[in-house]
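Colleague: In my numbering, the protein residues as written are 254 to 479.
#1: Using 8 Å for Cβ pairs, my map puts residue 391 next to residue 347. What's the rounded Cβ distance?
#2: Taking 7 Å as the threshold (C-beta atoms), are residue 394 and residue 285 in contact?
#3: Cβ of residue 374 within 6 Å of any heavy atom in the ligand FMN?
#4: Suppose you measure from the CA of residue 413 to the CA of residue 396; what does that come to, to the nearest Å?
#5: Would you mind sorting residue 314 into buried or exposed? The rule is 16 or more other CB atoms within 10 Å of its CB.
#6: Quick check on residue 339: buried or exposed, where buried means 16 or more other Cβ atoms within 10 Å of its Cβ?
#7: For the alpha helix (DSSP H) containing residue 283, list its first residue and its last residue.
#8: Can the beta-carbon of residue 369 be found closer than 7 Å to that of residue 301?
#9: When we look at the beta-carbon of residue 295 and count the other beta-carbons within 10 Å, is it buried (16 or more) or exposed?
#10: Do the CB positions of residue 278 and residue 309 come within less than 7 Å of each other?
#11: Please classify residue 371 as buried or exposed, where buried requires at least 16 other C-beta atoms within 10 Å of its C-beta.
#12: In this structure, how does DSSP classify residue 341 when only helix, strand and coil are distinguished?
#13: Who are the Cβ neighbours of residue 424 in its own chain at under 6 Å, not counting the five residues just before and after it?
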């Protein structure tokens, strides 16, 4: 009786959250899962810094043109953040990364990190998109290794590249739905922001816009997970 239950339990396919929770608990015995996050941390800590100022400046100018002191202060804050930012941090938005989460500003590198400044807004956009794609690939690599560890007992092995590629394509499809939905939410929120700006409620309009984006993102995420 007990053997039948054990066999059935072993044959059951774990869900998404159970797979992630179980794999996270096995990091100590399978440190290979840490390769991707550690690689991202090392690149953010010791690698070059690619300035995001070309990306931030147009948004800061738009905010500066808005009525009210709050918009100008927000634009100045964005400029200050861009002076220490790094486009490579787009990778850390996807891959679980300590440096990507807390930032590398307070971490002193053992050498002077070279600074690269893209020459145009288009170049900055291409670099940001490339790092985002690399981050998505790293995230799918990590998740596929976690799933293989739970279901097959080993994170590496034959078929890993195909599974990572398929997972990346599916994730790209998810982003292809999420990004247009967020753009439409931003457009709708901008209309609301324009209405609120007439009555000097700029901060309230930003809150409404943020809430709309969060709701749309959560709806798409729940659709894919469920």
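Ideal placement from N, C-alpha and C gives every residue a C-beta, glycine not left out. Bear in mind that the values here come from a model prediction, so they are computed numbers and not experimental data.
Modeller: Walking through what the data contain:
#1: 6 Å
#2: no
#3: For the ligand FMN, the structure offers nothing, since it holds no ligand at all.
#4: 11 Å
#5: exposed
#6: buried
#7: Looking at the DSSP string, residue 283 is not in any alpha helix (DSSP H), and its letter there is neither H nor E.
#8: yes
#9: exposed
#10: no
#11: buried
#12: coil
#13: 389, 393
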